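Asks:
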Amino acid sequence: EFFRPDPAKALRRLAFLDVSYCTLVTSGELGRFANWTSLRALGLEGCHRVNDGGMTNIEPILRFLQAIDLEGTDVGDKGVELILTRGPGLRFLFLGHTGFTGIAFVKLAAERKLRGHRFELTRVCLRRTTVNEAAVFALLQLAPRLTWFVGSGPHLCAETTTRVKERLPSCRFVKFAPFELEQDRCCRHFTKDVVRTMKFEGS
474 EFFRPDPAKA LRRLAFLDVS YCTLVTSGEL GRFANWTSLR ALGLEGCHRV
524 NDGGMTNIEP ILRFLQAIDL EGTDVGDKGV ELILTRGPGL RFLFLGHTGF
574 TGIAFVKLAA ERKLRGHRFE LTRVCLRRTT VNEAAVFALL QLAPRLTWFV
624 GSGPHLCAET TTRVKERLPS CRFVKFAPFE LEQDRCCRHF TKDVVRTMKF
674 EGS
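The sequence shown begins at 474 in our numbering and counts up one residue at a time.
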């Protein structure tokens, strides 16, 4: 039933779907998920054939998603911008090990500054990306409810951790570094209890 053209018809109440490292999942294949309005968490880690076009293909369900893992995909700033603008209820966003640069954060922060819009994000991973501090601070403006925020890359440093804590003291876990030897692979966020036991709103 899952491999039918519209799997949502067979699994109408499915809320959590993790297809990490499925090499058959492409941006085109994601179009089959476009009617899956019951989904609240979508794990695409390691699906390297998924790019910004894939996010466009699932745009109809972005407003229902509360967690998405894009680590190890080819999704970049354009796709992330779409996710954030179309997914107001998103709480968990995992972007590590991608080509994401953070430009989307800076752009959205500038556009929404006068409107006072804030995202619901509470957990964000930016490990092994090229995000810089300007993008990190832009996200702090957009997501004041963050409680878990990590990242690493050539434009970040240990002092970034201190600066984030100063700007958002309510964020309980913060860790930034220029590199992390133990994080040479994707983080497998969707295998963690904090994701698997999250209570979905509106499901």
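Glycine residues also receive a C-beta, built at the ideal position from the N, C-alpha and C atoms.
Only a predicted model underlies this, so the values are computations on that prediction, with no experimental measurement involved.
Taking all protein chains shown into account, do 16 or more other C-beta atoms lie within 10 angstroms of the C-beta of V667, making it buried, or fewer, making it exposed?
Replies: V667 should be labelled exposed.
Asks: Check each candidate in L599, D491, C630 and R645 and name the one with the smallest Cα separation from T464.
Replies: Since the first residue shown for the chain is 474 and the last is 676, residue 464 is missing from the structure and cannot be characterised.
Asks: I think F578 touches A540, with their Cβ atoms under 8 Å apart; what is that distance to the nearest whole Å?
Replies: 18 Å between Cβ atoms; not a contact.
Asks: Does DSSP put R513 in a helix, a strand or coil?
Replies: Reduced to three states, the DSSP call for R513 is coil.
Asks: Below 6 Å CB to CB, which residues in the same chain sit around F506 once its five sequence neighbours on both sides are set aside?
Replies: The answer, listed in chain order, is I531.
Asks: Going along the chain, which residues of its own chain have a beta-carbon closer than 6 Å to the beta-carbon of V597, five neighbours each way excluded?
Replies: Excluding sequence neighbours, V597 sits near L566 and F622.
Asks: Can you give me the C-alpha to C-alpha distance between L568 and T635, rounded to a whole angstrom?
Replies: Distance between the alpha carbons of L568 and T635: 22 Å.
Asks: Tell me where the alpha helix (DSSP H) around L555 begins and ends.
Replies: Here the alpha helix (DSSP H) through L555 covers D550 to R559.
Asks: Taking DSSP as the reference, what is the three-state secondary structure of N605?
Replies: Coil, per DSSP.
Asks: Which word fits T631, buried or exposed, when buried means at least 16 other C-beta atoms lie within 10 angstroms of its C-beta?
Replies: The displayed chain sequence assigns Ala, not Thr, to residue 631. Answer is exposed; the Cβ neighbour count stays below 16.
Asks: So, for G552: in the same chain, excluding its five sequence neighbours on each side, which residues have a beta-carbon less than 6 Å away from its beta-carbon?
Replies: These residues qualify, in order along the chain: D525 and M528.
Asks: With a threshold of 16 other CB atoms inside 10 Å of the CB of L497, please say whether the residue is buried or exposed.
Replies: Exposed, because fewer than 16 other Cβ atoms sit within 10 Å of the Cβ of L497.
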